[in-house]
Amino acid sequence: MSSKIPADAKMATRAVHAGLDPDPTYGSIIPPIHQTSTFVQPSPGEYVGDFDYARSGNPTRAALEKALGQLEGGLATTFSSGLAGEHALITAVAGTGGHVVLPNDLYGGTYRLVDSVFSRWGLQYDLVDQRDLDATVAKIRPETSVVWVESPTNPLLNVVDVPALIERVRARAKEVGASLIVVVDNTFATPINQRPLEWGADAVVHSTTKYLGGHSDVVGGAVVVREKALHAAVRHVQNSVGAIPGPFDCFLLHRGLRTLHLRVAQHTKNGEAVSAFLRTVDGVTDVRWPGFGGMVSFQHPGALGITTATNIFSLAESLGGVESLIEVPAAMTHQSVAGSDAAVPADLVRLSCGVEDPDDLVADLRQAIAANAG
Ligand SMILES: Cc1ncc(COP(=O)(O)O)c(C=O)c1O
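Numbers -4 to 369, taken from the working numbering, label the letters of the sequence shown in order.
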């Protein structure tokens, strides 16, 4: 936030002003995009600000990281994708012989990262339905270094009682002598709907590609943590591996953040209208909407046909943009969990309701489902 905005400002005010201070050179209200790879040093080893080389730091990225920290209530590090951020965080805290507890409904790419990349380096994992707190804590053992939470989950939109889970995990970790962190993937909820660091989570991750960017024009990721030591460890991996976002991507993301509260309010209106409609349609089963945001899922025997019959909902992976998207997770975003305990139903349709008029979205789904009534 600009240094003039009160620290206790409400979320709408924070979203508009987070991370923004006028440019010190000309006073432009939006700071410039520092499209540069390096920074001239007044004398060897002497830097202007914190900046020596743009993998290590860039003012455009620093402003975005400040903004994300102010929205989630922690210290942020940004990445070239959500998965790059997840990779950095797990690399910072876990290693050979370690163990991760994952949700049994989760983004397929997170599963793939742990199952096919980290496991090659000796990291073990268990999948569990985290709505069942007893079952979740039973998975924690002395080697557990990460309890990874998604809420709502992708794609089944299960909602986990995160504060209760954190309390139980801490107690169990103490009992078995595990030194672990609790991570919450806050991509679906956004800091407008939940701020897990305020509940005691150690870290929040985002695919900023989604609601935070909000315009389907950039891929990015963020890790926001409470403790300085963890922040330093994540930054160390960011700099050592180098999966950084470019300055223009940082600018676009930062611009997206400024309307986050407005967009999320409309996404919620549309998610509510669409899920209420779907509950009235013959042949549609298991309609899910977490009570906020634009993510809705349902099952229908004509799932594949429906996704190609919509006109306003575009058939595409991803979510969280201003335009509505439709997909079949089993055939698209979640192919990597096929055959595992995290597999998703073949007839599941996932909707990302954008910010269009809800009547138009409902009419679009009505005709697409009618055309596939079978
Ligand atoms: C919940 C969730 N977390 C993480 C990711 C990974 O983000 P990215 O695609 O930016 O790497 C995604 C991507 O769809 C996601 O849906």
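Here a beta-carbon is modelled for each residue, glycine too, at the ideal position from N, C-alpha and C.
Bear in mind that the values here come from a model prediction, so they are computed numbers and not experimental data.
CB-CB length for residue i against residue j, believed under 8 Å
{"i": "residue 97", "j": "residue 118", "result": "About 11 Å; that fails the 8 Å criterion."}
{"i": "residue 218", "j": "residue 13", "result": "That belief does not hold up - the Cβ atoms of residue 218 and residue 13 are roughly 17 Å apart, past 8 Å."}
{"i": "residue 353", "j": "residue 268", "result": "4 Å"}
{"i": "residue 225", "j": "residue 292", "result": "With a Cβ gap of about 33 Å, residue 225 and residue 292 do not count as contacting."}
{"i": "residue 238", "j": "residue 111", "result": "About 18 Å separates the two Cβ atoms, so there is no contact after all."}
{"i": "residue 305", "j": "residue 260", "result": "Wrong, their Cβ atoms sit about 24 Å apart, outside the cutoff."}
Proximity of residue i and residue j at Cβ, strictly below 8 Å
{"i": "residue 100", "j": "residue 131", "result": "no"}
{"i": "residue 211", "j": "residue 318", "result": "yes"}
{"i": "residue 357", "j": "residue 344", "result": "no"}
{"i": "residue 312", "j": "residue 302", "result": "no"}
{"i": "residue 331", "j": "residue 104", "result": "yes"}
{"i": "residue 115", "j": "residue 65", "result": "no"}
{"i": "residue 138", "j": "residue 94", "result": "yes"}
{"i": "residue 241", "j": "residue 289", "result": "no"}
{"i": "residue 208", "j": "residue 247", "result": "yes"}
{"i": "residue 294", "j": "residue 342", "result": "yes"}
{"i": "residue 368", "j": "residue 251", "result": "no"}
{"i": "residue 178", "j": "residue 232", "result": "no"}
{"i": "residue 87", "j": "residue 228", "result": "yes"}
{"i": "residue 320", "j": "residue 309", "result": "yes"}
{"i": "residue 184", "j": "residue 146", "result": "yes"}
{"i": "residue 128", "j": "residue 168", "result": "no"}
{"i": "residue 109", "j": "residue 120", "result": "yes"}
{"i": "residue 59", "j": "residue 73", "result": "yes"}
{"i": "residue 69", "j": "residue 199", "result": "yes"}
{"i": "residue 287", "j": "residue 181", "result": "no"}
{"i": "residue 55", "j": "residue 245", "result": "yes"}
{"i": "residue 315", "j": "residue 206", "result": "yes"}
{"i": "residue 126", "j": "residue 153", "result": "yes"}
DSSP three-state assignment for residue i, whether helix, strand or coil
{"i": "residue 172", "result": "coil"}
{"i": "residue 250", "result": "helix"}
{"i": "residue 193", "result": "helix"}
{"i": "residue 6", "result": "helix"}
{"i": "residue 85", "result": "helix"}
{"i": "residue 295", "result": "coil"}
{"i": "residue 46", "result": "strand"}
{"i": "residue 216", "result": "strand"}
{"i": "residue 352", "result": "coil"}
{"i": "residue 309", "result": "strand"}
{"i": "residue 287", "result": "coil"}
{"i": "residue 243", "result": "helix"}
{"i": "residue 328", "result": "coil"}
{"i": "residue 228", "result": "helix"}
Span of the beta strand (DSSP E), counted from its first residue to its last, around residue i
{"i": "residue 206", "result": "Element bounds for residue 206: n/a, residue is neither H nor E."}
{"i": "residue 120", "result": "119 to 123"}
{"i": "residue 345", "result": "343 to 347"}
{"i": "residue 283", "result": "280 to 283"}
{"i": "residue 370", "result": "Because the chain spans -4 through 369 in this model, residue 370 falls outside it and cannot be assessed."}
{"i": "residue 94", "result": "94 to 98"}
{"i": "residue 71", "result": "70 to 74"}
N- and C-terminal bounds of the alpha helix (DSSP H) containing residue i
{"i": "residue 54", "result": "54 to 67"}
{"i": "residue 104", "result": "103 to 107"}
{"i": "residue 139", "result": "Where residue 139 is concerned, there is no enclosing alpha helix (DSSP H), although the beta strand (DSSP E) it sits in stretches over 139 to 145."}
{"i": "residue 185", "result": "185 to 188"}
{"i": "residue 337", "result": "From DSSP, residue 337 is part of no alpha helix (DSSP H); its letter is neither H nor E."}
{"i": "residue 321", "result": "Note, residue 321: premise wrong, no alpha helix (DSSP H); beta strand (DSSP E) at 320 to 322."}
{"i": "residue 128", "result": "128 to 133"}
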